[in-house]
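Visitor:
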């Protein structure tokens with residue numbers, strides 16, 4: 001077989017005696033959400049074309065670099081949300097947690113003179129502890145995660161005000177912290193990184209192919225593998241070329257991509273990730289298989305809190321300050337909407353970590369484009385709300401189609 | 001006065017505990033009550049290696065309670081169990097699994113969002129060697145290879161080992177669930193309604209698979225409402241009625257009529273009559 005199952009999840013391929021896929025099957029899989037990647041790429045292209053036609057600065061190197069910086073915080077928070085969504089749960093506290101973690105870091109660094117790295121670690125530890133606590137309350141007492149994290153949303157917002165104290169705002173001046181979102185690499189470094197990424201991807205693809213052949217399993221054809229490799233290589237080169245023609249590859253983007261790749265590995269290739277999918281797919285089956293449901297839930301919520309803290313710290317670094325609005329307004333909704341738009345199901349058991357990145361890109365593009373067109377906040381909120389609603393409806397339709405086809 | 005228990009098999013004639021050790025699994029005097037309800041009452045039951053025993057009975061007759069007592073989900077209030085000749089106490093599902101008793105539940109307990117290989121190995125995944133071991137990286141290639149061997153050994157037909165279980169037909173899902181139970185190399189498999197809600201060709205596939213379990217010398221217990229399937233596949237039919245054994249028939253020596261009358265209790269004691277018709281009835285102690 002070649003590429004019949006390869007599209008939806010790069011990890012799932014091969015198999016014996018697969019049937020050849022017809023066009024109709026492809027259309028069906030598109031509707032049922034298996035080809036969510038294709039769906040979201042088309043959506044992104046449409047958005048870009050619309051904004052570019054309205055304002056020719058939209059696809060300029062400068063604006064695209066800004067876009068990357070704008071989506072870093074949301075993207076990082078969304079990574080944790082993806083795991084929570086895979087469980088079929090929700091974490092409404094991530095916005096507030098991101099603000100609180102950034103505030104803790106800022107107070108420790110700016111007011112108590114802590115070493116910047118220690119302050120960052122303390123901020124992340126706060127996120128981790130909060131997430132673990134919420135996960136424990138949810139799994140131990142069976143309180144719906146929606147309620148636990150809604151209570152958390154309020155409580156941690158209060159904690160944020162408390163930590164910030166009477167001034168209500170703390171400026172960040174430590175170059176180590178502000179550098180996180182404001183460092184750009186030179187062209188040479190950028191190209192070196194591109195080469196490393198391309199070579200590493202090629203080596204991993206080849207190793208996986210060899211392993212399957214060694215185990216006497218069918219592998220995808222060399223042509224499919226070569227095409228996918230070519231796609232990744234071209235994409236990497238284009239991205240680096242665009243970024244280099246402006247300020248260079250930003251450190252923030254590297255951090256985001258590194259987390260996406262690392263967490264995608266955790267989700268798709270480790271036992272922990274497999275168990276997360278199992279719990280999200282069928283809790284009873286997971287329990288009977290001997291999976292520790294409580295443990296998985298606590299770890300996932302701890303991960304969500306941790307990623308929220310990291311996202312909050314990146315946002316603070318970009319703003320050069322933490323204030324009472326940090327982690328507030330629509331950040332939470334955007335962090336949840338992104339992965340859902342890009343194909344991670346709200347109903348659990350279906351999704352991928354890369355949807356955090358692509359979803360953030362879609363939402364970031366809309367927001368960035370509307371800013372370029374100088375649209376009012378009123379319009380921006382309504383459009384963003386509409387896009388979120390559309391994504392959820394598409395998710396629900398995909399689920400219904402799957403059920404109609406006898407799948408859950 | 002309890003209904004008489006008819007036993008067609010010579011080896012069941014000795015009712016003492018000594019005889020119990022000859023079987024793969026032997027239960028003696030299993031009883032279980034839920035409050036005032038006696039779900040099982042003094043049930044004797046045995047399964048041999050390489051034997052398919054069908055457990056039939058009306059709703060509420062105690063079939064599921066008996067299965068749960070065997071696989072440790074719901075231990076009995078009283079009674080003795082012998083497995084492989086040894087006295088055992090199956091208090092938890094873990095004990096049952098360690099003994100080599102596997103259960104395929106009626107709701108199959110599969111994750112529809114995962115593929116066939118992932119479902120087979122759920123909870124006992126193979127981990128890679130080398131650097132990946134630190135992160136508990138899954139060894140997909142090895143798992144898929146083993147799954148392929150298992151399926152070809154059982155002659156199970158699945159479109160692809162990488163298809164999502166949710167996309168499979170009911171019969172294929174049932175086969176996956178049965179194959180999954182075999183990964184732990186059990187000695188005995190309990191199947192709860194394996195052919196419920198399956199079409200004719202799918203039912204045939206599943207029954208063929210059950211026969212292959214017998215060829216592998218496993219003891220098989222099948223709960224079923226479908227007497228045609230039971231007569232098709234089983235070696236022995238045990239009828240439960242109101243928590244008691246109402247009949248124990250070797251398949252080739254009985255008819256559907258006799259089994260039905262034992263199930264319903266209509267027409268006297270069908271089980272006893274079935275056996276006595278052939279002059280093999282055993283007198284009540």
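Chains as they are written, first to last, in the numbering used here: chain A, 1 to 408; chain B, 1 to 285. Cβ coordinates follow ideal geometry from the N, Cα and C atoms, glycine included.
Apart from the five residues just before and just after residue 392 (chain A), which ones in its own chain have a Cβ nearer than 7 angstroms to its Cβ?
Guide: Closer than 7 angstroms at the Cβ level, and outside the excluded window around residue 392 (chain A), lie 340, 346.
Visitor: With residue 414 (chain A) as the anchor, note down where its beta strand (DSSP E) starts and where it stops.
Guide: In this structure chain A extends from 1 to 408, so residue 414 (chain A) is not present and cannot be described.
Visitor: What does the Cβ neighbour count give for residue 50 (chain A), buried or exposed, with the cut at 16 atoms within 10 Å?
Guide: So residue 50 (chain A) counts as exposed.
Visitor: Might you give, ordered along the chain, the residues of its own chain that have their beta carbon closer than 6 angstroms to the beta carbon of residue 73 (chain A), omitting 5 neighbours on each side?
Guide: The answer, listed in chain order, is 311, 314, 315.
Visitor: Taking C-beta pairs closer than 8 angstroms, name the residues in chain A that residue 110 (chain B) reaches, listed in chain order.
Guide: Neighbours of residue 110 (chain B) on chain A, chain order: 282, 285.
Visitor: Quick check on residue 132 (chain B) - is its C-beta less than 9 angstroms from some C-beta in chain A?
Guide: With 9 angstroms as the cut-off, residue 132 (chain B) counts as an interface residue toward chain A.
Visitor: Could you check the C-alpha separation between residue 206 (chain B) and residue 153 (chain B) for me, to the nearest Å?
Guide: Looking at the two C-alpha atoms, the distance is approximately 15 angstroms.
Visitor: Any beta-carbon of chain A closer than 9 angstroms to the one on residue 65 (chain B)?
Guide: No, no contact with chain A.
Visitor: Report yes or no: do the segment 368-385 of chain A and the segment 395-402 of chain A share at least 3 C-beta pairs separated by less than 8 angstroms?
Guide: Touching, no.
Visitor: Which whole-angstrom value describes the C-beta separation of residue 138 (chain B) and residue 274 (chain A), a residue pair presumed to lie in contact below a C-beta threshold of 8 angstroms?
Guide: 6 angstroms between Cβ atoms; contact.
Visitor: Taking only beta-carbon positions, decide if residue 266 (chain A) is within less than 9 angstroms of chain E.
Guide: In summary, chain E is missing from the structure at hand, where the protein chains are A and B.
Visitor: According to DSSP, is residue 187 (chain B) helix, strand or coil?
Guide: Looking at residue 187 (chain B) - three-state DSSP - the assignment turns out to be coil, as it is neither helix nor strand.
Visitor: On the premise that residue 148 (chain A) lies in contact with residue 134 (chain A), defined as a C-beta separation below 8 angstroms, what is that separation, rounded to the nearest angstrom?
Guide: That pair is a contact at about 5 angstroms.
Visitor: Just the C-alpha distance for residue 266 (chain B) and residue 241 (chain B), rounded to the nearest angstrom, thanks.
Guide: So the two alpha carbons sit approximately 11 angstroms from each other.
Visitor: Considering Cα atoms alone, identify which of A:241, A:385, A:326, A:365 is closest to residue 170 (chain A).
Guide: Considering only alpha carbons, the answer is A:326.
Visitor: Please compile the residues from chain B whose C-beta is within a distance smaller than 7 angstroms of the C-beta of residue 269 (chain A).
Guide: Near residue 269 (chain A) (Cβ distances below 7 angstroms), the residues of chain B are 137, 138.
Visitor: What residues from chain A crowd round residue 92 (chain B), counting only those whose CB sits closer than 9 angstroms?
Guide: What residue 92 (chain B) touches in chain A: nothing, since even the nearest Cβ is about 12 angstroms away.
Visitor: Just list the residues that DSSP pairs residue 245 (chain B) with in beta bridges.
Guide: Per DSSP, B:240.
Visitor: Distance check for residue 165 (chain B) and residue 262 (chain A), CA to CA, integer angstroms please.
Guide: Distance between the alpha carbons of residue 262 (chain A) and residue 165 (chain B) is about 27 angstroms.
Visitor: What are the start and end residues of each continuous beta strand (DSSP E) run of 3 or more residues lying completely inside the segment 141-207 of chain A, in chain order?
Guide: Complete beta strand (DSSP E) runs here, min 3: 169-171.
Visitor: To which residues of the same chain is residue 184 (chain A) closer than 6 angstroms at the C-beta, ignoring the five residues directly before and after it?
Guide: Result list for residue 184 (chain A): 247, 248, 250, in chain order.
Visitor: Can you check whether the C-beta of residue 141 (chain B) is within less than 9 angstroms of a C-beta belonging to chain A?
Guide: For residue 141 (chain B), the answer is yes, since a Cβ of chain A falls inside 9 angstroms of its Cβ.
Visitor: Listing by chain order, which chain A residues have their CB less than 8 angstroms from the CB of residue 125 (chain B)?
Guide: Here the neighbours are 271, 274.
Visitor: Going along chain A in order, which residues have a C-beta closer than 7 angstroms to the C-beta of residue 118 (chain B)?
Guide: Within chain A, the residues near residue 118 (chain B) are 274.
Visitor: Let me confirm a value: residue 388 (chain A) is counted as buried when at least 16 other C-beta atoms fall within 10 Å, else exposed. Which label applies?
Guide: So residue 388 (chain A) ends up on the buried side.
Visitor: If you run the structure through DSSP and keep just helix, strand and coil, what is residue 155 (chain B)?
Guide: Three-state DSSP puts residue 155 (chain B) in coil, outside helix and strand.
Visitor: I need the DSSP call for residue 149 (chain B), collapsed to helix, strand or coil.
Guide: It is helical.
Visitor: Is the Cβ of residue 83 (chain A) closer than 9 angstroms to any Cβ of chain B?
Guide: So, not an interface residue.
Visitor: Between which two residues does the beta strand (DSSP E) holding residue 52 (chain B) run?
Guide: That run of the beta strand (DSSP E) goes 52-57.
Visitor: Examine the Cβ distances between the segment 93-103 of chain A and the segment 137-156 of chain A and report whether three or more of them are shorter than 8 angstroms.
Guide: Yes, the segment 93-103 of chain A touches the segment 137-156 of chain A.
Visitor: Kindly indicate which three-state DSSP category residue 138 (chain A) falls into: helix, strand or coil?
Guide: Three-state DSSP puts residue 138 (chain A) in a helix.
Visitor: At a Cβ threshold of 9 angstroms, is residue 87 (chain A) touching chain B?
Guide: No, residue 87 (chain A) lies away from the interface with chain B (no Cβ there is under 9 angstroms from its Cβ).
Visitor: Applying the criterion that 16 or more other CB atoms from any shown protein chain within 10 Å of the CB defines a buried residue, is residue 403 (chain A) buried or exposed?
Guide: Classification for residue 403 (chain A): exposed.
Visitor: Could you tell me how far apart the beta carbons of residue 78 (chain B) and residue 31 (chain B) are, in whole angstroms, since I believe they sit closer than 8 angstroms?
Guide: That pair is a contact at about 5 angstroms.
Visitor: Below 8 angstroms on C-beta distance, what does residue 145 (chain B) contact in chain A?
Guide: Per Cβ cutoff of 8 angstroms: 215, 216, 217.
Visitor: What are the residues that DSSP puts in a beta bridge with residue 33 (chain B)?
Guide: Its beta-bridge partners are B:38.
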